[in-house]
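Protein chains in written order, with this note's numbering: chain A, 1 to 137; chain B, 1001 to 1525.
Report on one structure; see the data block that follows.
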Amino acid sequence: MVDSGLPIRVVLAKLGLDGHDRGLKVVARMLRDAGMEVVYLGLRQTTDNIVAAVEQEDADVVGISMHNAGHLTLGPLIVRALGEAGLAVPVVIGGIVPDTDLAELEAAGVAAVLGPGASVEEVVTTVRSAAGRDGST
Amino acid sequence: MDDPRSTLSGIPLSPVYGAGPLPGEYPYTRGVHSDMYRSRLWTMRMFAGFGTATDTNGRFRELLRSGSTGLSTAFDMPTLMGRDSDHPWSLGEVGRAGVAVDTVEDMADLFADIDLGGVSTSMTINGPAAILLAMYVVVAEQGGVERGQLAGTLQNDILKEYQAQKEYIFPPRPSVRLVTDVIRFTAAEMPRWNPVSVSGYHIREAGSTAVQELAFTLANGFAYVEAAVAAGLDVDAFAPRLSFFFNSHVDFFEEIGKFRAARRIWARWLRDRYGAVDERSLKLRFHTQTAGVSLTAQQPETNIARVAIQALAGVLGGTQSLHTDSHDEALALPSEAAARTALRTQQVIAHETGVTGVADPLGGSAYVEWMTDEVERRAEEVFAHLDEIGAGSILEGVHEGIESGWFMGEIAESAYRFEREVNAGERIVVGVNAFTEGNGSPGTELLRVGQETEDDQLARLAAVRAARDSTAVTASLRRVAADATDPEANMMPSLIAAVGARATVGEIVEALEGVFGTYVETVVV
């Protein structure tokens, strides 16, 4: 991927019924403070809503927050939905995800997972790297 | 040591020390009972729920065998949001973060072989709270226990959902009407039931400070008082049954000051502003849960220490019941072993430490009394603001604060400030930004709830749908909608009839949404 010099655009959403939005709101501010453009969709989004937003906003990364233990079902679902729409946009999941589930999420095409206690630096670096804009490309 | 009347060395203890007002005396800063835990320990009430009703029933019975003295039910996200397990939005969330309840049959399985006349049950549910209470009544009465004998608490605190937890369904005003319907119903028919647990817990978990938690929660409590009085009830007919639910976070003395200030503020406002004369109306009783958000995924065993300290703050603050978090909660739902350790933590505090021997043992400490006054003073500033924007009504002030996004903005600001302080190293979180040696060591055995739970629950729901009388269901839902359009009607009788006819939570919610509408929040980041 070529660095366009434009700010990284990130779509942030809660997928499903889970209402825990403290973490996602904090992440939204962290990414904005790091110079990224954040499209915050908020609560109770469906895969269709998220795919439409990614397409419309020309997003570089999608961030999905999950505190409902549904990540093994919903994580692969959003990756697949983006793929079916022809959008090669990496998905980063944040929230309560046990280490033992990481391999399965990775195999399903999830780009990265951020757990509780992740620092600003980790969050920003992970999103940059998912966007292919960590300076290594 | 299980004799609270003398120390380990045999020094005899008085039930209380210091000058008045003493515990049990207005304004109850020092506690709602004169001898507090000497005569009765707090209720050890562990919050539990996962998988199907049968799975959670097993955990309930294990907790009761281990010495829990009350039950507390965690429902899954679809139930909390009033959606059936077979609704498309429920995919992946059935039974994952709580127990799935679609129909009264699930409720019957949830409490199978538990004596509902002998146990007190708390149900953490808000948007569809009235429906779940209706199910509990139907299950109890099917088992021969009259509704008037039932003891327990329905969270039923919808205002904090718009402010913090976000498990709302209908817009605020019809939702408050449902809350007051439950208050009217229990005041008339369920004298041992707490119809609302006014909850700061979720406000705090969403990122607020201790002062915001206290102030927003008590303001919500005042709002329910105003709503119930406006619905025609005398304040003393329901206020004794309003209960509260606070977070116990890790800043030890600030928390204790918060609990003490809560009692004093409530007593004064109920007496002076709302004209309550029954002493029981003035006594703020509360449940405490340790701060889930303070738990770390890094070196999770460290959380046992955090929980113990937070639980002790709750006890020194005079709580009536307590849930201690399990140390694995930053990783998954509590495993049975972790939940047992958490309960054992309470038992150590109750039976070994001797803190139960003297009521309000910190009363009179210059620091604790100052902290209590300071937290109170800051909370009063918030009430003054809400009173002003509500033109003399706290209820209207709270509605306005929800509509304008004021509460959400305040909470988000505090949450972000905390994260920045942790990131800058100004605030130490052990294992996260300091003392990280040992991070990444193999974790504990976690509770797993798999796809088979969802499949099981879908099969259970399909079986109920197939076996019920669908004409009766349709008629009962029509009655629910008709009562919803009549603001004078109390919703509870039609809800009891509908769940009795095996209408599902989702069907009833949809009938109500047809009248009340569906709430969509304005995003505040």
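Cβ coordinates follow ideal geometry from the N, Cα and C atoms, glycine included.
1. DSSP three-state label for Trp1406 (chain B), please.
2. Helix or strand or just coil, what does DSSP make of His71 (chain A)?
3. Considering only C-alpha positions, which residue in the set B:Gly1357, B:Ile1496, B:Leu1362, B:Arg1478 is nearest to Leu1008 (chain B)?
4. From the DSSP output, read off the bridge partner residues of Ser1009 (chain B).
5. Checking 8 Å against the spacing of the C-beta atoms, do Ser1326 (chain B) and Ala1339 (chain B) come in under that value?
6. Does the Cβ of Asn1439 (chain B) have 16 or more other Cβ atoms within 10 Å, making it buried, or fewer, making it exposed?
7. Strictly below 7 Å CB to CB, what residues from chain A border Val1523 (chain B)?
8. How should His1351 (chain B) be labelled, buried or exposed, when 16 other C-beta atoms within 10 angstroms of its C-beta is the threshold for buried?
9. Are the segment 1372-1388 of chain B and the segment 1248-1266 of chain B touching, with three or more C-beta to C-beta distances below 8 Å?
10. Please report the Cβ distance between Val1176 (chain B) and Pro1195 (chain B), rounded to the nearest whole angstrom; I am assuming they are in contact, meaning their Cβ atoms lie under 8 Å.
11. Just confirm the distance between the C-beta atoms of Leu82 (chain A) and Val54 (chain A), as a whole number of angstroms; I'd bet it's less than 8 Å.
12. So is Asp1002 (chain B) buried or exposed if we call it buried at 16+ other beta carbons inside 10 Å?
13. With which residues is Val39 (chain A) paired in a DSSP beta bridge?
14. Residues in its own chain within less than 7 Å of Gly1049 (chain B) by CB, not counting five upstream and five downstream?
15. Assuming Asp1483 (chain B) contacts Ser1494 (chain B) (C-beta within less than 8 Å), just tell me the rounded distance between them.
16. Does any residue of chain A have a CB that is nearer than 8 Å to the CB of Val1449 (chain B)?
17. Report the residue from B:Ala1262, B:Gln1457, B:Gly1514, B:Ser1208 whose alpha carbon sits nearest the alpha carbon of His1287 (chain B).
18. Helix, strand or coil for Leu1362 (chain B)? Go by DSSP, reduced to three states.
19. Where Ala85 (chain A) and Tyr40 (chain A) are concerned, what is the direct C-alpha to C-alpha distance, given to the nearest angstrom?
20. If you reduce the DSSP assignment to three classes, tell me which class Asn1057 (chain B) lands in.
21. Once the 5 residues before and after Gly1024 (chain B) are set aside, which same chain residues still bring their CB inside 6 Å of it?
22. Check the C-beta distance from Ala994 (chain B) over to Val1235 (chain B) and give it rounded, since I have them as a contact under 8 Å.
23. Closer than 8 Å is the cut-off here; do at least three beta carbon pairs connect the segment 1226-1240 of chain B with the segment 1400-1416 of chain B?
24. Within 10 Å of its beta-carbon, does Val79 (chain A) have 16 or more other beta-carbons around it, so buried, or fewer, so exposed?
25. Going along chain B in order, which residues have a C-beta closer than 7 Å to the C-beta of Asp21 (chain A)?
26. For a test of the three-state rule: what should DSSP assign to Gly1070 (chain B), helix, strand or coil?
27. Please classify Glu1381 (chain B) as buried or exposed, where buried requires at least 16 other C-beta atoms within 10 Å of its C-beta.
28. Can you grab the Cα-Cα spacing for the pair Pro139 (chain A) / Ser1476 (chain B), in whole Å?
29. Using a Cβ distance threshold of 8 Å, determine whether the segment 1083-1094 of chain B contacts the segment 1109-1126 of chain B, with at least three qualifying pairs required.
30. Under the rule that 16 or more other beta-carbon atoms within 10 Å means buried, what is Gly115 (chain A), buried or exposed?
31. Whole angstroms is fine: what's the gap from Thr1029 (chain B)'s alpha carbon to Phe1253 (chain B)'s?
32. Please look up how many angstroms separate the CB atoms of Arg1045 (chain B) and Leu1322 (chain B), rounded, as I've assumed it's under 8 Å.
33. Going along the chain, which unbroken runs of the alpha helix (DSSP H) with 4 or more residues stay wholly within the segment 1110-1150 of chain B?
34. Run through DSSP, which three-state label would Val113 (chain A) get?
35. Examine chain B for any beta-carbon lying closer than 8 Å to the beta-carbon of Arg29 (chain A), and answer yes or no.
36. Which bits of chain A does Tyr1136 (chain B) rub up against, with CB to CB less than 9 Å?
The structure says:
1. When DSSP states are grouped into helix, strand and coil, Trp1406 (chain B) belongs to the helix group.
2. Three-state DSSP puts His71 (chain A) in a helix.
3. Of the candidates B:Gly1357, B:Ile1496, B:Leu1362, B:Arg1478, B:Gly1357 places its Cα closest to the Cα of Leu1008 (chain B).
4. Bridge partners of Ser1009 (chain B) according to DSSP: none are assigned.
5. When the beta-carbon positions are compared, Ser1326 (chain B) and Ala1339 (chain B) come within less than 8 Å of each other.
6. The residue in question, Asn1439 (chain B), is exposed, as its Cβ has fewer than 16 Cβ neighbours within 10 Å.
7. In chain order: Tyr40, Gly42.
8. It is exposed - the Cβ of His1351 (chain B) has fewer than 16 other Cβ atoms within 10 Å.
9. Counting Cβ pairs under 8 Å, three or more are found: they touch.
10. The beta-carbon distance between Val1176 (chain B) and Pro1195 (chain B), rounded to whole angstroms, is 13 Å. This is too long to meet the 8 Å contact definition.
11. Taking a contact as a CB-CB distance under 8 Å, the pair Leu82 (chain A) and Val54 (chain A) counts as one, their CB atoms being some 7 Å apart.
12. A caution first: Asp1002 (chain B) carries a pLDDT of 47, below 50, which makes its placement in the model unreliable, though a value can still be read off. With fewer than 16 Cβ atoms within 10 Å of its Cβ, Asp1002 (chain B) is classed as exposed.
13. For Val39 (chain A), which the question treats as bridged, DSSP gives the partners A:Val11.
14. Cβ neighbours of Gly1049 (chain B) within its own chain (closer than 7 Å, five residues either side excluded): Thr1056, Thr1073, Ala1074, Phe1075, Gly1098, Val1099.
15. Indeed, because the Cβ distance is near 5 Å, the residues count as touching under 8 Å.
16. For Val1449 (chain B), the answer is yes, since a Cβ of chain A falls inside 8 Å of its Cβ.
17. Nearest option by C-alpha distance: B:Ala1262.
18. Coil.
19. Cα to Cα, the separation comes out at about 21 Å.
20. Looking at Asn1057 (chain B) - three-state DSSP - the assignment turns out to be helix.
21. Hits under 6 Å: His1033, Ser1034.
22. Given a span of 1001 to 1525 for chain B in the structure shown, any question on residue 994 (chain B) remains unanswerable.
23. With fewer than three CB-CB distances shorter than 8 Å, the segment 1226-1240 of chain B does not count as touching the segment 1400-1416 of chain B.
24. Counting the other Cβ atoms within 10 Å of the Cβ of Val79 (chain A) gives 16 or more, which makes it buried.
25. Within chain B, the residues placing a beta-carbon under 7 Å from that of Asp21 (chain A) are Lys1166, ordered along the chain.
26. Residue state, collapsed to three classes: strand.
27. With fewer than 16 Cβ atoms within 10 Å of its Cβ, Glu1381 (chain B) is classed as exposed.
28. The question about residue 139 (chain A) has no answer here: the residues shown for chain A are numbered 1 through 137.
29. Judged by Cβ distances under 8 Å, the segment 1083-1094 of chain B makes no contact with the segment 1109-1126 of chain B, as fewer than three pairs qualify.
30. Classified as buried, Gly115 (chain A) has 16 or more neighbouring CB atoms from the shown chains inside 10 Å of its CB.
31. Distance between the alpha carbons of Thr1029 (chain B) and Phe1253 (chain B) is about 15 Å.
32. Yes, they are in contact, since the Cβ atoms of Arg1045 (chain B) and Leu1322 (chain B) sit about 7 Å apart, within 8 Å.
33. Listed in chain order, they are 1129-1142.
34. Of the three classes helix, strand and coil, the one that applies to Val113 (chain A) here is strand, per DSSP.
35. Interface residue, yes.
36. What Tyr1136 (chain B) touches in chain A: nothing, since even the nearest Cβ is about 22 Å away.
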